[in-house]
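A short write-up of the structure that comes next.
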Amino acid sequence: MTRYAHITGWGMSVPAHILTNDDLAKMVDTSDEWIQSMTGIRERHIAGARESTASLAIDAAVKALSVAGVPARHIGLIVVATSLPEYLFPSTACIVQDQLGASHAAAFDLLAACSGFVYALSVASQMIISGAYESALVIGSETLSRMIDWSDRSTCVLFGDGAGAVVLQSSETPGGILSIALHADGSGGDMLIVPAGGSHLPTSLETIEDNQHSIVMNGREVYRFATRAMVSSTLEVVEKAGLSLDDIRLIIPHQANRRIIESAAKDLELPMDRFAMNLDRYGNTSAASIPIALCEAIDAGRIHTGDHIVMVAFGAGMTWGSSVIKWVAAGPRKASRFVWAQRLMARARSTARRTGRRIGGLIWGE
Ligand code: ACO
């Protein structure tokens, strides 16, 4: 039996607070005109005190499960792609697993920066195609606003927060994830880096005083790399799927910079209306940008059953990757309320398990 991995549910979540270019112009020496003309970004969503990588991931995941009509306990695998996890450990995926009540799921985080969602989708789809799992939740969730130096105008205007999730399910129907192409070049690691906070340079008074916990980027180099990677990766993955660019209905690129996408479109000789674009409203949400753009493209009626779509991303590492998907899910669907009820049950279950563990500790401790 040949198995295929289909996207059957999708959901997104962004913080309520919006930071406009004009707001930024009050914080650093920049302007709406510069940001829009150089990047295409108008505004971005920024996480508030009660929002985090895990909370956004959970919200997006609940919506995706609801659209798929799959109870969380039926999910076999949860992969969260993120550049800023809730903690170094436990993984954000384990927090999601607990809060959703996905009691049978394996869970882990994956770090490939802005390419993270495409990497995670590739890993999870191969797990399904191999027969190891029947279903998976793949989430891209980011709160990069918490790693930004808000006095550095060259980076603080670029990023935003948000999450997107998809449910993958096994099926005998041909389609779903048809091909993947993942690449990395670690020699470019210093082009986009958060220098401190890891094993190499642990957090210390000095690293904080020297502001080494924020994103440091060589914008020009990243730009040059990105324009090449988007084109080569798209051509490679389409060829791997045995298709041509004419067969592709929509390309969902990582939403970093409008000019990067325009340059890729020009090199691929495709019109801009074949690309999903929403970076004007969200900025660069890193691993969340592709699933958020996917959700909006579905809601806008831009993806239909039988369509071939390409997801293509690049990010720190350097990493880049792409995937061709033959879409078989029905169009926009209403989320069911049932999943929210399950979410409440999961929270109750989690609290009961914690309490049980505490009581057990007291009894056995004595
Ligand atoms: N407002 C006003 N002026 C600015 C700003 C700003 N926000 N930022 C930089 N400038 C100035 C610079 O100081 C410089 O001024 P100078 O000429 O007086 O020195 C001038 O604009 C040009 O600066 P550059 O950095 O050389 O501008 P560039 O043409 O490279 O554009 C940009 C900058 C938009 C960031 C571009 O390099 C880019 O988009 N690079 C790709 C970035 C990207 O995609 N990053 C995400 C990667 S994905 C991930 O994994 C996180």
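Offset between the sequence shown (1-based) and the numbering used here: plus 1007.
Heads up, the beta-carbon is just placed ideally off N, CA and C, and yes, glycines get one too.
- For Gly-1195, the distance from the CB to the nearest heavy atom of the ligand ACO is not below 7 angstroms.
- Boundaries of the beta strand (DSSP E) harbouring Asp-1116: 1113-1117, taken from the DSSP string.
- No heavy atom of the ligand ACO is found nearer than 7 angstroms to the CB of Ile-1299.
- In terms of Cβ geometry, Gln-1176 and Ser-1142 form a close pair [threshold 8 angstroms].
- Within the chosen limit of 7 angstroms, the ligand ACO does not reach the beta carbon of Gly-1313 with any heavy atom.
- Put simply, the backbone Cα of Ser-1251 is about 53 angstroms away from that of Glu-1213.
- In the structure shown, Lys-1033 falls within a coil segment according to DSSP collapsed to helix, strand and coil.
- According to the DSSP secondary-structure assignment, Arg-1051 is paired through a beta bridge with Leu-1026.
- DSSP lists His-1013 and Ser-1142 as the beta-bridge partner residues of Gln-1176.
- The stretch 1284-1360 contains, as complete beta strand (DSSP E) runs of 3+ residues, the segments 1315-1322 and 1326-1333 (chain order).
- In this structure Lys-1070 is buried. Its beta-carbon is surrounded by 16 or more other beta-carbon atoms within 10 angstroms.
- Contact between Ala-1012 and Ile-1102 does not hold, since the beta-carbon distance rounds to 24 angstroms and is not under 8 angstroms.
- Contact check for Thr-1180 against Asp-1168 fails: the beta carbons are separated by 8 angstroms or more.
- If you draw a 10 Å sphere on the C-beta of Trp-1017, you find 16 or more other C-beta atoms in it, and that means buried.
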